[in-house]
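> Here it is, the structure, as structure tokens.
Protein chains: 4
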Amino acid sequence: MLTDCLATTDALAGIFSDESVLQAMLDFEAALARAAARAGVVPDRAAQTISALARAAEFDAAAIARDARHSATPSIPLVKALTARVASVDPESARYVHWGATSQDVSDTALVLLLQRAGPHLAADHARLDDALRAMSDRHAASVMLGRTLLQPATPTTFGLKAAGWYASAARGWRRLNGAWDSALVLQLGGAAGTRAAFGAHAATIVDAVARDLGLRTAPPWHTDRDRLGALIGSCGVYAATLGKIARDIALLMQAEVAEAFEPGGGSSTMPHKRNPAGCIVAIAAATRMPGLVAAFLTGMVQEHERAAGGSQAEWPTVSAVVQTTGAAVSSMAAVVEGLTVDTDAMRMNLEKTGGVVLAERVVMLLAPQLGRDRAQQLVMEAVRRSRESGHGFGRSLQDLPEVSRALAPDVLRDIDRPDLYLGAAEALRKELLSE
Amino acid sequence: MLTDCLATTDALAGIFSDESVLQAMLDFEAALARAAARAGVVPDRAAQTISALARAAEFDAAAIARDARHSATPSIPLVKALTARVASVDPESARYVHWGATSQDVSDTALVLLLQRAGPHLAADHARLDDALRAMSDRHAASVMLGRTLLQPATPTTFGLKAAGWYASAARGWRRLNGAWDSALVLQLGGAAGTRAAFGAHAATIVDAVARDLGLRTAPPWHTDRDRLGALIGSCGVYAATLGKIARDIALLMQAEVAEAFEPGGGSSTMPHKRNPAGCIVAIAAATRMPGLVAAFLTGMVQEHERAAGGSQAEWPTVSAVVQTTGAAVSSMAAVVEGLTVDTDAMRMNLEKTGGVVLAERVVMLLAPQLGRDRAQQLVMEAVRRSRESGHGFGRSLQDLPEVSRALAPDVLRDIDRPDLYLGAAEALRKELLSE
Amino acid sequence: MLTDCLATTDALAGIFSDESVLQAMLDFEAALARAAARAGVVPDRAAQTISALARAAEFDAAAIARDARHSATPSIPLVKALTARVASVDPESARYVHWGATSQDVSDTALVLLLQRAGPHLAADHARLDDALRAMSDRHAASVMLGRTLLQPATPTTFGLKAAGWYASAARGWRRLNGAWDSALVLQLGGAAGTRAAFGAHAATIVDAVARDLGLRTAPPWHTDRDRLGALIGSCGVYAATLGKIARDIALLMQAEVAEAFEPGGGSSTMPHKRNPAGCIVAIAAATRMPGLVAAFLTGMVQEHERAAGGSQAEWPTVSAVVQTTGAAVSSMAAVVEGLTVDTDAMRMNLEKTGGVVLAERVVMLLAPQLGRDRAQQLVMEAVRRSRESGHGFGRSLQDLPEVSRALAPDVLRDIDRPDLYLGAAEALRKELLSE
Amino acid sequence: MLTDCLATTDALAGIFSDESVLQAMLDFEAALARAAARAGVVPDRAAQTISALARAAEFDAAAIARDARHSATPSIPLVKALTARVASVDPESARYVHWGATSQDVSDTALVLLLQRAGPHLAADHARLDDALRAMSDRHAASVMLGRTLLQPATPTTFGLKAAGWYASAARGWRRLNGAWDSALVLQLGGAAGTRAAFGAHAATIVDAVARDLGLRTAPPWHTDRDRLGALIGSCGVYAATLGKIARDIALLMQAEVAEAFEPGGGSSTMPHKRNPAGCIVAIAAATRMPGLVAAFLTGMVQEHERAAGGSQAEWPTVSAVVQTTGAAVSSMAAVVEGLTVDTDAMRMNLEKTGGVVLAERVVMLLAPQLGRDRAQQLVMEAVRRSRESGHGFGRSLQDLPEVSRALAPDVLRDIDRPDLYLGAAEALRKELLSE
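Chains as they are written, first to last, in my numbering: chain A, 1307 to 1742; chain B, 1307 to 1742; chain C, 1307 to 1742; chain D, 1307 to 1742.
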């Protein structure tokens, strides 16, 4: 859809396309027929006919969507259409379509199958992002830059540490998402009220066979217990927010006045000088939408009795948007980080332009033992003032203060405004983060 | 889309379809070319060529969607594609495509044009709902039923008053929505930074002409001032919540144990006895999703400087979902209320089955002047107990208490458990609500 | 509360304090007693006693809060405590406490009274913001600065236009909020099921008297019709988002690398050079929380029958947070804008540092008539390249190109890179915005 | 707070009270001073003085809250107040207050300490709920009741299976919540830009000592990496939604027309017959608010660079509301389930009142092998019709149809409408759920 074009990828748009959704529903019906045939409750011939005709391309998605509005589920018109198709070939077999299942068995299992198919695409993009962040962090272990707090200069840090923080947060987020994803790949098959009564004594056999056929795990019916899906959605929300944080940081570094990093591409045909943070924008837009989508899902989780009147019927658009939006964000950020140009000169210059004030804390620490903390602070503020007025550097201004030059050893004095000497545990922390 | 099939109507799905979205973008480009030609800044021939070729059917929506992901807007690939088409016919004219406009001018105006086209569909369905609610309220002015608070029996009310409350709340919601909708139908045309600089002295002329051509109002560029859209989205959220309240009430009345009202249709092929609240479910599902969608829009309103990096790019899917979901809810509820079967016998029986306890308040009021409130309350509780034990009615149990029968005039005593005599201002309030 | 300290103001924290909330509930009870006495259904003496004892300071808010958890409303323990207090003075009068009302009549009317008291505080802060934005816009009508789109340099604009955009959006937001606020100031008084049955023939008289006493409007009971509150909450959401946009813009302008504006205060004791955007942060934090709060309110609007089981009980914390958070944002931004330091030199310098590329569009427009648009674009890109390599300005680089200098008149050539000549309709738009 | 009284418990309100919040901040400062003293960078005497004076009762929470609004953090005024207190006793020691730390180190660690203290309270209530649900499920393993789908009768189920579904979903939710909670108990200690530079070579020693002192884990600074908190918040959202589902189910079962279950208490003084679902309402209200609160947290996770301008400052009210609201829900539902009265007679009667139609599926299955499915369905519909018209039971109506009585063995025919014979795998599923 054009309206949603920034919130998906080619692969994911395919997975949530009408044909793919229909096929997932039909895959369930075919697997059910085969399993019931193996259990002996449905004739083999019916199972074969149903399987053979369960091809999405033969069905009219638009008509099914339209009819779905009258029964509040796409399952009923889909089953009706499948039944009609089977009946046109073999009326006897048509009786066994959807045997023992309920509408939500089809729609839930189809949703799970779509998740199963989408997972590897997200995983591949996360792996790219993961690799690119680790490599970038290593490459810039010694690239000193301004730490920035509340969008103001703070003490120095390294780009390597910054990238390691991005990495670790994304890695944790992915682990949670991946675990939740895996836990959600559960067959839905409960029948009218979740007791599998229509399967009689064959319930366990049929359920196991359908699950094996579709590559899903089994569990008791979960028609109104949506917590596994909820956990998946919530973990997508956290992960996308982390990607949004990385994207916002990069977009801020790309500002012309900062100019410390640039994502590839993003050129504008009419303004050739512009390098827009197009990839970051896709991820920021994703992080903007996701909290509301997560809320929408959680709201719908309060589902009545054995099958809900409204809650579950609100899920499909939300789940499909959450998965595609998360996928768009990680795909986009993988490309951004893989192609990121980092300007370490600009980083150094932006540090220097602060006139040394970001090192004030360090100089106070150096002077305090001899001069006391209060006097140390006074001298540093005096040097900051002089540096601003004279345009000389902060180091030179400090050296010009006799009290300072007396207090410190010459080699310490010489390097007094070197930000790379005030990085604290940056490198140790970077390594710790990369080991997460 | 099948994934979104319960959250739209046929008409609205058409309006937000790829072809319709493309056409809205192309309508803007054509109107701009014509206006610029009239102002003399673009050759007439270019305007004619551009207008003639601005036909959505000739463009590849999927390709434009794909390319949009690289520039974070569908406008750039659309303009490129239109330029190429024009160039293939007349290279000179191609220079004037998109003259003086910026990407967001196209995408915002297209969005507004879609709103303009969607509005009448929602209005028509609201008018149906409005009529049906008023008529139903009049029809049931005297249909006494249980008032229910915290899902428990309270004092009696009328179905006419209940329907009038639904009506008034929906009517107020629609007025707000309609006003906000109207206010949002504003052309976007600001150029690169919102100053219309590229139009030079012709800015006002061109802007007026484009607006007139498209049937929109003019205003200063609002690239990052999204409050008009925000007000529209918010009012859709309030209106949809009201529809959700009506739908939940009806779904509760449809419970087999209550059985006071039934929506038309909703039959299930496998369980012929079932009448599912399918229409109500569409509206409840809408009310479930909307709060998160509203939140998503509001989140994106914090947009940077002259054009946002992420906020506005998150809007299209949200606005299109909000409009379609609201439209699905009102269309669905119009049909539900138009075809609602109301069982006034069931209403009376459910009242009677409470054993009169819901009239306890009334009887205390009748007895208190003579016996004092405390004694009155004791007697009423005694009658309730007796009524439950004996299975006799509450009135009979009261009459059996000598202290009660002495205290009240015979005609009052005779009608002591008539709920229709304890309706307070129900009818006056009903009329007041219908006059809103 | 410390946990909420950044999300309120002193005045609003007072209004939503326990004592103030209790007093609002007691004000309702007192007004009801007086009105019922005037109608003759409650003894004068009871009304006097109830009124006299309805003083919040005499009640134990903590105990009432605790007991509220058992009945799912603070009204029941409050009424019980008031009844006990009245009984301790005059047992007869105690019978008339809360006469004819229901729990939600108290809690809803109390909420409305708190809104009534909070309104003027928000209005006063908005008026300050409104004045400050208009004045700032006028002062900087001619302050040329970079337009910035997607956080990248675009064509020039003026700070006056930017401030006028902030003004107009905030003004529209306030008008909506103010209208919705006013519409929500409606007495709640419906009795057990919303029919006012317990008041008998005196319903209209009593309702009118209570409303007059409390300065509220009357309307039919709205126990489960929360659309007026919903509209108020939604308009707070839109308004706060607009304030968040202004705050984010200013925080971005305050970045050390941009340094075009500074809010007053925000100094840090440990880093004397730092000027934190503390005021903007309060507003950004508000805009961050509000969408979720709005969603929470809308979610709760789907309320069952005559009184809800959960929806309305979720409202108090949300409404109180929405009002206080909105109030914190506007109070904070009023102070920020009133004290904003604007550095027009920095604005000019940041423009110049772009090397003229933001004027490329302008120069192409000037050259196109003679050289054709394609050649014009080539020349401009050549000049941009030269300007970057040589460090000379963009204007000088253009003048050095013979083809350019031949094409343009000397005076045009001289001013070719003046951004103040490429402001389009900025001043006209500014005035239009200020007239909103 | 009265405004929030339904959204907390006594214990949790204490933990998030001003005094407790202040003490958590002071606990951090005291632990930091002691750790720095042990590392030799702060004099022992200073550490002792700071520790001794770090008592919340001595500080003015209201003043700190007020001042927090000027610096956008409560940490700055708290540190200032602590410094002043220490200075009043020993000016020299005052220099070492907050040594090497940054504001967010205090506020984040304090938040984590509050989570640490709140955790056991939620755990205790969940354990009660967990026990009560298991016991109730066992007790009602054979209590047959209507399955209900879309709020309509479906095939039978058991109350034991229903309770087991509640149990398993809550148990899974708690496991996720508990894991996320544990992972979030991480010390925050990074200094100005997260490099711990002010601690020099002692960083690791000091960080370890502070963490040990406070009973927290260590990790690299996470000032803008909020994913651990996000995961906790998200898991609270899912868990609360599950509690909301249980609460809604019970509130629906408590309807007078259904009357299958009743929570303890909830009596109303004015309507003695009423048993309100007060406990369920607290949980439903929680589930109503939580999605928006989760969204608010996720929105704030997009935090800039080394410390955010708005995102983290929005967190305290959200986290404190999420924890207290979740705690209110689980505490409330533990009491509801522990005291739940279940009316198995009502369950049976409601089943019978459906006139057997919910067994239609079963009878078709029994007849189909001999008569074919189509004829079987016709006969069942005929029996349903007859049963409704005659008032005889569904079984009798079936027996009256010769074709049916011929087709089935006498013992099958006799029990043909026994719902307990159509429970499918209910008991096996129940056991499987309880083993989760």
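Glycine included, every Cβ here is placed at the ideal spot set by N, Cα and C.
On a predicted model such as this, the values are computed, not experimentally measured, just so you know.
Could you tell me which chain B residues have their CB closer than 7 Å to the CB of Pro1583(A), listed as they occur along the chain?
For the purposes of this step, residue 1583(A) is identified with residue 277 of the first sequence, where counting begins at 1. The contacting residues are Ala1615.
> With DSSP collapsed to three states, give me the class of Leu1452(C).
Taking the first residue of the third sequence as position 1, residue 1452(C) is located at position 146. If DSSP states are grouped into helix, strand and coil, Leu1452(C) belongs with the strands.
> The alpha helix (DSSP H) with Thr1408(C) in it runs from where to where?
Locating residue 1408(C) in the third sequence gives position 102, counting from the first residue. Careful: Thr1408(C) lies outside any alpha helix (DSSP H) and carries neither H nor E.
> For the stretch 1525-1541 of chain A, list every residue whose C-beta sits within 7 Å of some C-beta in chain C, in sequence order.
Listed in sequence order: no entries.
> Which value, in whole angstroms, describes the spacing of the CA atoms of Asn1582(A) and Ala1546(B)?
The residue you call residue 1582(A) lines up with position 276 of the first sequence. The residue you call residue 1546(B) lines up with position 240 of the second sequence. Near 38 Å, if we compare the C-alpha coordinates of Ala1546(B) and Asn1582(A).
> With distance defined between alpha-carbon atoms, name the residue in Gly1485(A), His1611(A) and Leu1559(A) nearest to Ala1615(B).
As a first step, residue 1615(B) is located in the second sequence; it is residue number 309 there, counting from the start. Comparing Cα-Cα distances from Ala1615(B) to each of Gly1485(A), His1611(A) and Leu1559(A), the minimum goes to Leu1559(A).
> Which chain A residues sit within Cβ distance under 8 Å of Asn1484(C)?
If you number the third sequence from 1, residue 1484(C) lands on position 178. What Asn1484(C) touches in chain A: nothing, since even the nearest Cβ is about 26 Å away.
> In the DSSP assignment, find the unbroken beta strand (DSSP E) run with Ala1460(A) in it and report its ends.
The residue labelled residue 1460(A) in the question sits at position 154 within the first sequence. That run of the beta strand (DSSP E) goes Gln1458 to Thr1464.
> State yes or no: is the beta carbon of Arg1595(B) nearer than 8 Å to at least one beta carbon in chain A?
Here residue 1595(B) corresponds to residue number 289 of the second sequence, with the count starting at 1. True, the Cβ-Cβ gap to chain A drops below 8 Å.
> With 8 Å as the threshold, decide whether the Cβ of Pro1578(A) is near any Cβ in chain B.
As a first step, residue 1578(A) must be located in the first sequence, where it is residue number 272. In this predicted model, Pro1578(A) has a pLDDT of only 49, less than 50, meaning its place in the structure is not dependable; the value taken from the coordinates is given anyway. No, because no Cβ of chain B sits closer than 8 Å to the Cβ of Pro1578(A).
> Should the stretch 1474-1485 of chain D be called in touch with the stretch 1527-1542 of chain A, which here means at least 3 C-beta pairs below 8 Å?
With a cut-off of 8 Å, the stretch 1527-1542 of chain A and the stretch 1474-1485 of chain D count as touching, because enough Cβ pairs lie within range.
> Determine the DSSP secondary structure at Arg1250(D), reduced to helix, strand or coil.
Here chain D has residues from 1307 to 1742 only, and residue 1250(D) is not among them.
> Assess, as a yes-or-no matter, whether the stretch 1510-1523 of chain C is touched by the stretch 1353-1361 of chain C under the definition of 3 or more beta carbon pairs within less than 8 Å.
With a cut-off of 8 Å, the stretch 1510-1523 of chain C and the stretch 1353-1361 of chain C do not count as touching, because too few Cβ pairs lie within range.
> On the three-pair Cβ rule with 8 Å, is the stretch 1650-1668 of chain D touching the stretch 1326-1342 of chain D?
These segments do not touch.
> Counting only C-beta atoms, is Ser1323(D) closer than 8 Å to chain A at any point?
The sequence position of residue 1323(D) within the fourth sequence is 17, counting from 1. Closer than 8 Å: no.
> Cβ of Asp1310(B) less than 8 Å from any chain A Cβ?
If you number the second sequence from 1, residue 1310(B) lands on position 4. Taking Cβ atoms only, chain A reaches closer than 8 Å to Asp1310(B), which makes this a yes.
> Shorter than 8 Å from the beta carbon of Ile1587(A) to some beta carbon of chain C?
Counting from one through the first sequence, the residue named residue 1587(A) turns up at place 281. Yes, because at least one Cβ of chain C sits closer than 8 Å to the Cβ of Ile1587(A).
> Can you name, in chain order, every residue of its own chain whose Cβ lies under 6 Å from the Cβ of Arg1391(A), other than the five neighbours on each side?
Taking the first sequence and counting its residues from 1, one reaches residue 1391(A) at position 85. Only Leu1359 meet the Cβ criterion.
> Using a Cβ-Cβ distance cut-off of 8 Å, determine whether Glu1563(D) contacts chain B.
Within the fourth sequence, the letter at position 257 stands for residue 1563(D). So yes, Glu1563(D) belongs to the interface.
> For Met1560(B), decide whether its Cβ has a neighbour in chain D, counting only Cβ atoms nearer than 8 Å.
The sequence position of residue 1560(B) within the second sequence is 254, counting from 1. So, interface residue.
> In the DSSP assignment, what are the bridge partners of Thr1647(A)?
Indexing the first sequence from 1 puts residue 1647(A) at position 341. According to DSSP, Thr1647(A) bridges with Phe1568(A).
> Tell me where the alpha helix (DSSP H) around Arg1372(C) begins and ends.
Reading the third sequence from its first residue, position 66 is the one you call residue 1372(C). Element bounds for Arg1372(C): Ala1367 to Ser1377.
> Quick one: list the residues of chain D neighbouring Asp1316(C), beta-carbon separation under 8 Å, in chain order.
Looking up residue 1316(C) in the third sequence gives position 10. Correct list: Arg1372.
> Ordered along the chain, which non-local residues of its own chain (more than five positions away) have a Cβ less than 6 Å from that of Leu1452(C)?
In the third sequence, residue 1452(C) corresponds to position 146, counting from 1. Excluding positions up to five away in sequence, the list reads Pro1459, Asn1656 and Leu1657.
> Considering Cys1586(B), what are the terminal residues of the alpha helix (DSSP H) in which it resides?
As a working note, residue 1586(B) is residue 280 in the second sequence. From DSSP, the alpha helix (DSSP H) with Cys1586(B) extends over Ala1584 to Gly1606.
> Ala1319(D) and Gly1598(A) - do their beta-carbons sit closer together than 8 Å?
Walking along the first sequence from the start, residue 1598(A) turns up at place 292. Walking along the fourth sequence from the start, residue 1319(D) turns up at place 13. Contact: no.
> Going by beta-carbon coordinates alone, are Leu1457(C) and Glu1610(B) separated by less than 8 Å?
The residue labelled residue 1457(C) in the question sits at position 151 within the third sequence. The residue labelled residue 1610(B) in the question sits at position 304 within the second sequence. Their beta carbons are under 8 Å apart, which means Leu1457(C) touches Glu1610(B) by this criterion.
> Using a Cβ distance threshold of 8 Å, determine whether the stretch 1308-1326 of chain D contacts the stretch 1688-1702 of chain C, with at least three qualifying pairs required.
With a cut-off of 8 Å, the stretch 1688-1702 of chain C and the stretch 1308-1326 of chain D do not count as touching, because too few Cβ pairs lie within range.
> Considering only C-alpha positions, which residue in the set Ser1377(A), Thr1650(A), His1529(A) and Met1653(A) is nearest to Gly1606(A)?
On the first sequence, residue 1606(A) is found 300 positions in, with the first residue counted as 1. That would be His1529(A), whose Cα lies nearest to the Cα of Gly1606(A).
> Under a Cβ-count criterion, where at least 16 other Cβ atoms within 10 Å of its own Cβ denotes burial, should Gly1678(A) be classed as buried or exposed?
To locate residue 1678(A), count along the first sequence from 1; it is residue 372. Burial call: exposed.
> Touching or not, the stretch 1394-1411 of chain D and the stretch 1433-1440 of chain D, by the rule of three or more beta carbon pairs under 8 Å?
Too few Cβ pairs lie closer than 8 Å, so no.
> Cβ of Ala1547(D) within 7 Å of any heavy atom in the ligand FAD?
Among the ligands in the structure shown, none appear at all, so the ligand FAD cannot be discussed.
> What distance in whole Å lies between the Cβ atoms of Thr1379(C) and Trp1622(D), which are believed to be in contact at a cut-off of 8 Å?
Taking the fourth sequence and counting its residues from 1, the one referred to as residue 1622(D) is at position 316. Taking the third sequence and counting its residues from 1, the one referred to as residue 1379(C) is at position 73. Contact flag wrong, Cβ pair sits at about 27 Å.
> Would you report the Cα separation of Gln1494(A) and Asp1431(D), rounded to the nearest angstrom?
The residue you call residue 1494(A) lines up with position 188 of the first sequence. The residue you call residue 1431(D) lines up with position 125 of the fourth sequence. Distance between the alpha carbons of Gln1494(A) and Asp1431(D) is about 31 Å.
> Name the chain A residues whose beta carbon is nearer than 9 Å to that of Leu1520(C)?
By 1-based counting over the third sequence, the position of residue 1520(C) is 214. Result: empty, since nearest Cβ-Cβ is about 34 Å, beyond 9 Å.
> How would you list, in chain order, the residues of chain B whose beta-carbon sits under 7 Å from the beta-carbon of Ile1590(A)?
Locating residue 1590(A) in the first sequence gives position 284, counting from the first residue. Correct list: Ala1615 and Gly1616.
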